[in-house]
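Numbering (this note's numbering), first residue to last: 1 to 338. Beneath this line is the structure, given in structure tokens, with notes to follow.
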Amino acid sequence: MRLAWHTGFATTARDHFGGLGSVIMLHRVRPDCISPLGVTRSLSITPAFLEQIILALKAEGTELISMDEVVEHVKTGKRSDRRFVAVTLDDGYNDNLNHAYPVFQKHSVPFTVYVAPGFIEGATVLWWEVVESIIVKADHIKIPNGPEWRCGTLFQKRAAFHAMMRYFSYTLTELEQMPVLRHLCEVHGVVCGVAQDRDVMSWNEVRQINSDPLCTIGAHTVHHYNLKKLTADMVAQEMQLSADMLEDKLGARPQHFAYPYGSAKAAARREAEIAASEGFLSGVTTRHGTIHAEHRNNLHALPRISINGRFQKLIYAQTMMSGVTTPIANAGRRVIQA
Ligand SMILES: [Zn+2]
């Protein structure tokens, strides 16, 4: 990526690959990294890096717009000299209010936060963070009637984390995740929900951030399930109920949606069709790509550019937003859809 930028390839390729603009994906924005094993570090960037990106985008004349405006731009498909960037944040971490919002406010940048009400109300937890806390404490983890992992050393702990991520994501059903996690928390004396109490915005905080016109609140299902693993009825229910709850608490129905996990293994054509029929104007995935006029028929499967906390370098972000990395990440394809 560094080479692509320095050779000027990214700038010239931008016209071909960059399309109309990009949607940036963030999770946590905080000055300190709180991942004890370093395994969830990629979900976190610092407010200083966020500000650096915004200043660079403004300096190159990029238009910073809301998700409503993204939909308008894609529908009209008009290419202008100015490309756009929309900033989005997933899961509703309270550092979005405490650390990211002041930066957005200072530079008048519109942003969208995709909120899953289940995190706020404790129906589900940020399980990947709870898994990390359990592994930090434990020397050995055993799932009843399931696999076990040794985690005495840092090396074993990291390996166990990745194995448990796969186990929770692909072996357990979505409905089994929480009972298994609660059991492990009990065995290892970890409070199942501390992370969510400490890290996720309360309803009052969501109302507070939403009171600024710069902010759009989008839906992110209720329970943060991998939708591809649910029946079509359950997918529709998760989407509808999350929109109902947000409308009830905020007084307006959310118009935009983000698929939990959002990879091709978690959201595809069926999920995009259901999101459209549930009335959302747009749906964003976590698949890597920039936004093109071709997305006008695919507004419910918009790819994003993830700004990774592991590589907080401006040139990486700029190179990805040029679109030059889109075909590299997607078997040669320039436009990424469902
Ligand atoms: Zn999420």
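Heads up, the beta-carbon is just placed ideally off N, CA and C, and yes, glycines get one too. From a predicted model like this one, the values you see are computed outputs, not experimental measurements.
Roughly how many whole angstroms lie between the Cα atoms of residue i and residue j?
i: residue 137; j: residue 186; result: 12 Å
i: residue 99; j: residue 206; result: 14 Å
i: residue 148; j: residue 263; result: 27 Å
i: residue 314; j: residue 201; result: 28 Å
i: residue 109; j: residue 141; result: 44 Å
i: residue 352; j: residue 24; result: With the chain covering only 1 through 338, there is no way to say anything about residue 352.
i: residue 154; j: residue 163; result: 14 Å
i: residue 216; j: residue 66; result: 7 Å
i: residue 236; j: residue 243; result: 11 Å
i: residue 278; j: residue 255; result: 10 Å
i: residue 261; j: residue 228; result: 10 Å
i: residue 173; j: residue 165; result: 13 Å
i: residue 340; j: residue 265; result: Any question about residue 340 goes unanswered here, given that the chain covers just 1 to 338.
i: residue 89; j: residue 316; result: 19 Å
Please confirm whether any heavy atom of ligand 1 lies closer than 8 Å to the CB of residue i.
i: residue 261; result: yes
i: residue 225; result: no
i: residue 212; result: no
i: residue 101; result: no
i: residue 300; result: no
i: residue 256; result: no
i: residue 244; result: no
i: residue 116; result: yes
i: residue 162; result: no
i: residue 95; result: no
i: residue 91; result: yes
i: residue 220; result: yes
Quick one: what's got a C-beta closer than 7 Å to residue i's C-beta in the same chain, skipping five residues either side?
i: residue 161; result: 37, 39, 131, 132, 135
i: residue 361; result: There is no way to answer for residue 361, as the model of the chain reaches only from 1 to 338.
i: residue 101; result: 209
Ordered along the chain, which non-local residues of its own chain (more than five positions away) have a Cβ less than 8 Å from that of residue i?
i: residue 272; result: 283, 298, 300, 301, 338
i: residue 92; result: 113, 114, 115, 116, 119, 120, 200, 201, 206, 220
i: residue 52; result: 314
i: residue 103; result: 29, 47, 50, 51, 54, 109
Quick one: what's got a C-beta closer than 6 Å to residue i's C-beta in the same chain, skipping five residues either side?
i: residue 61; result: 82
i: residue 150; result: 140, 156
i: residue 49; result: 312
i: residue 86; result: 23, 65, 67, 70
Got a sec: is the Cβ-Cβ distance from residue i to anything in chain C below 9 Å?
i: residue 99; result: Of the protein chains in the structure, only one exists, and it is not chain C.
**Asked** Counting Cβ pairs, one atom from each stretch, are 3 or more of them under 8 Å apart for the segment 322-330 and the segment 278-288?
**Response** In short, these stretches touch, since the Cβ pair count reaches three.
Query raised in the report: How about the segment 59-75 and the segment 17-24: do they share at least three Cβ pairs that are nearer than 8 Å?
Result: Touching, per the Cβ criterion.
For this session: Check whether the segment 302-311 touches the segment 42-61, taking contact to mean three or more Cβ pairs, one atom from each stretch, closer than 8 Å.
Result: The segment 42-61 and the segment 302-311 touch, with three or more beta-carbon pairs separated by less than 8 Å.
Notebook entry, point to check: What runs of the beta strand (DSSP E), each 3 residues or longer, lie entirely inside the segment 108-178?
Noted result: You should have 111-115, 140-142, 148-150.
Check your understanding: Fully enclosed by the segment 236-301, which alpha helix (DSSP H) runs are 4 residues long or longer?
Key -> Uninterrupted alpha helix (DSSP H) stretches at least 4 residues long and entirely within the segment 236-301 occur at 269-277, given in chain order.
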